[in-house]
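A short worksheet on the structure shown next.
Protein chains: 2
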Amino acid sequence: MTDSGTFKSDDFLDHISLDCVIFGFHNGELKVLTLRLKYTKEFALPGGFLGKEETLEDAAKRVLQERTGLKDIFMKQFKVFSDPDRSKTNVAIQDLINTGAHPDLHFFEKRFISVGFYALVDFTKVKPSPDFFSDKCEWKNVNEQAPYILDHKKIIEKALEVLRRQLSYQPIGYNLLPEKFTMPELQKLYETILGRELDRRNFQRKMLSYKILNKLDERKKGGAYKSPFLYEFNLENYQKALNEGLSGSF
Amino acid sequence: MTDSGTFKSDDFLDHISLDCVIFGFHNGELKVLTLRLKYTKEFALPGGFLGKEETLEDAAKRVLQERTGLKDIFMKQFKVFSDPDRSKTNVAIQDLINTGAHPDLHFFEKRFISVGFYALVDFTKVKPSPDFFSDKCEWKNVNEQAPYILDHKKIIEKALEVLRRQLSYQPIGYNLLPEKFTMPELQKLYETILGRELDRRNFQRKMLSYKILNKLDERKKGGAYKSPFLYEFNLENYQKALNEGLSGSF
DNA sequence: GAACTATGTGTCAAACAGACACAATAATAA
DNA sequence: TTATTATTGTGTCTGTTTGACACATAGTTC
């Protein structure tokens, strides 16, 4: 999906689209930003098309900024979806075309291969806004069974699979947590992505051993019981860990 | 590049291509299969276009089989290259078009985004064969500085980077070595991909701990000095390791 | 103020990684 | 035929990391 009434199919390359799985973390749950399509009320991933002079990364940035209001989002290509039948069951979009809501909608009838991006964002900073084809932009639990169009459910699952794998050799959190956070919050994030529980004490030891955290002299007040210390990421080391990887067998 | 004189641009989707980085291992060196273009004598990766009813994976399989003679090759998408300028410096292909060697060559003047695949093959089983646009198909050392067209040198480097990363959480070798191989050969493969030396004894201990090897009651004769034992991969465990990963931090 | 619950810190044994020693083998040189 | 030599097979030692678990501490709840 792309922005507003200014959509002109002439601006874009045929057959190529992109879809963004935008992950956020809130209340101990992993969320995905979704759009609800006008008329059919089915759900879709934020997506768009490739401008004639754009890189895919630029196009994804454009989409991400339009839907979240944020610039400089952490994102990564993770897979191209090219099944020729992936857009055939496209009842939702066909219905939309039939409404005649836009003169250029026949563009959507073509076959598209879609490049999947996943993005990690700070939930609290996102201002979700729908695009021309949708009436609502909202967070959904990553596991929630909702009527997604096309192969978008599959795209979400693949993104999560890749994210999980990356967790074992790359740090994660800078893009998903507020600036200051507690160790239990960071642990909950890891547990949520991995889908299993971790030992509190061993988790802390390991995270600290990566040297990517700065412990602050502040505690998080207001919660129940003993107030935990706040941490922030050490950006220099975090960046280094992103480039070089965390451990690995060889 | 695609096969023979039967090329018809109508069979393919506009703007989408794929390039294959085909890795082989021979004489302790990591090789890449290349094509030498007719007329300009520059080098290119084996590649092709996406048929109107094909998945990208099918298209890659087609290309791989045409260039190597092999079916069932291990391969993986690793990145999409979408810089709008990536085909602008396309002197080689422009020259080819100017020869009028094929009526349909103006197809190549369009902008293409290319999906990169890497493939791992048994060097000894490959029968390299050029395509319609090239006069030679040959192995090159992965580090060799040769005049590659477009961004193909960059594509190779990226493929190697991804391969290296995968080495730390996935087994490699089944697709690159003959059925029976020695421990020193396997080690040399790892060292070549990683670009650094490993301790012989620690390497063996680690590989055996993965349980993906069957030690045979045979030794490799003919070499100099003490003859090493032969091993084969335990396919069941190898497959399991591919799916589940080898170690990892979490 | 007592009870409670989550956090901060520490211990222990088992598994693992990195560095290195020595014996065995088969081709080569004498 | 025998000694030499390069390579392979196997093992040890030490320091580090991991996984399982115990106890003290701080702030809320009753």
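Protein chains in written order, with this note's numbering: chain A, 11 to 260; chain B, 11 to 260.
Glycine is no exception: its CB is placed at the ideal position from the N, C-alpha and C atoms.
Reference residue i; option with closest CA among the options
i: R210 of chain B; options: B:T192, B:N224, B:L226 and B:T78; result: B:T192
i: S27 of chain B; options: B:K62, B:Y248, B:Q197 and B:L240; result: B:K62
i: S92 of chain B; options: B:H25, B:L80, B:F143 and B:E242; result: B:H25
i: K225 of chain B; options: B:L196, B:G205, B:G233 and B:G57; result: B:L196
i: K81 of chain B; options: B:K135, B:E189, B:K120 and B:E246; result: B:K135
i: V31 of chain B; options: B:S19, B:P181, B:E167 and B:A69; result: B:E167
i: Q180 of chain B; options: B:P140, B:D68, B:K98 and B:G255; result: B:G255
i: E76 of chain A; options: A:K120, A:K89 and A:P138; result: A:P138
i: I182 of chain B; options: B:G57, B:M85 and B:F53; result: B:M85
i: D132 of chain B; options: B:S19, B:G34 and B:Y235; result: B:G34
i: Y49 of chain B; options: B:P194, B:L173, B:F142 and B:D21; result: B:F142
i: D20 of chain A; options: A:P94, A:H36, A:G57 and A:D114; result: A:D114
i: A129 of chain A; options: A:E148, A:R206, A:E207 and A:L173; result: A:L173
Length of the line joining the Cα atoms of residue i and residue j
i: S124 of chain A; j: S237 of chain B; result: 52 Å
i: L45 of chain A; j: T109 of chain A; result: 19 Å
i: V152 of chain A; j: L199 of chain A; result: 13 Å
i: L74 of chain A; j: F118 of chain A; result: 21 Å
i: D145 of chain A; j: L47 of chain A; result: 6 Å
i: R215 of chain B; j: F239 of chain B; result: 15 Å
i: T12 of chain B; j: K51 of chain A; result: Here T12 of chain B scores only 48 on pLDDT, less than 50, and its place in the model is too uncertain to base an answer on.
i: V90 of chain B; j: Y235 of chain A; result: 50 Å
i: S259 of chain A; j: E201 of chain A; result: 22 Å
i: L218 of chain A; j: L252 of chain A; result: 16 Å
i: K120 of chain A; j: L160 of chain A; result: 14 Å
i: P140 of chain B; j: F17 of chain B; result: 14 Å
i: I203 of chain A; j: L170 of chain A; result: 8 Å
i: R175 of chain A; j: Y248 of chain A; result: 18 Å
i: I165 of chain B; j: F243 of chain B; result: 30 Å
i: G58 of chain B; j: Y184 of chain B; result: 26 Å
DSSP state of residue i mapped onto helix, strand, coil
i: I26 of chain B; result: strand
i: E171 of chain B; result: helix
i: I222 of chain B; result: coil
i: D132 of chain A; result: coil
i: D227 of chain A; result: strand
i: F35 of chain A; result: strand
i: D21 of chain A; result: helix
i: F213 of chain A; result: helix
i: L208 of chain B; result: coil
Buried versus exposed, by CB contacts within 10 Å (16 or more), residue i
i: G38 of chain A; result: exposed
i: Y241 of chain B; result: buried
i: K41 of chain A; result: buried
i: S257 of chain A; result: exposed
i: D29 of chain B; result: buried
i: G233 of chain B; result: exposed
i: Q87 of chain B; result: buried
i: F223 of chain B; result: Note on identity: in this sequence residue 223 of chain B is Leu, with Phe being the wrong assignment. Classification of L223 of chain B: buried, given that the 10 Å Cβ count is 16 or more.
i: R229 of chain A; result: exposed
i: E64 of chain B; result: buried
i: G126 of chain B; result: buried
i: K71 of chain B; result: buried
i: L66 of chain A; result: buried
i: A156 of chain B; result: exposed
i: L245 of chain A; result: exposed
*Counting only runs of 4+ residues fully inside the stretch 41 to 129 of chain A, write out the alpha helix (DSSP H) ranges in chain order.*
66 to 78 and 101 to 108, all fully within the stretch 41 to 129 of chain A.
_Give the list of continuous beta strand (DSSP E) stretches no shorter than 3 residues that lie fully inside the stretch 141 to 197 of chain B._
For the stretch 141 to 197 of chain B, whole beta strand (DSSP E) runs of length 3 or above, ordered along the chain, are 144 to 151.
*Would you list, in sequence order, the uninterrupted beta strand (DSSP E) runs of no fewer than 3 residues that lie entirely inside the stretch 230 to 258 of chain B?*
Annotation: the stretch 230 to 258 of chain B contains the following complete segments of the beta strand (DSSP E) (minimum length 3 residues), in chain order: 239 to 243.
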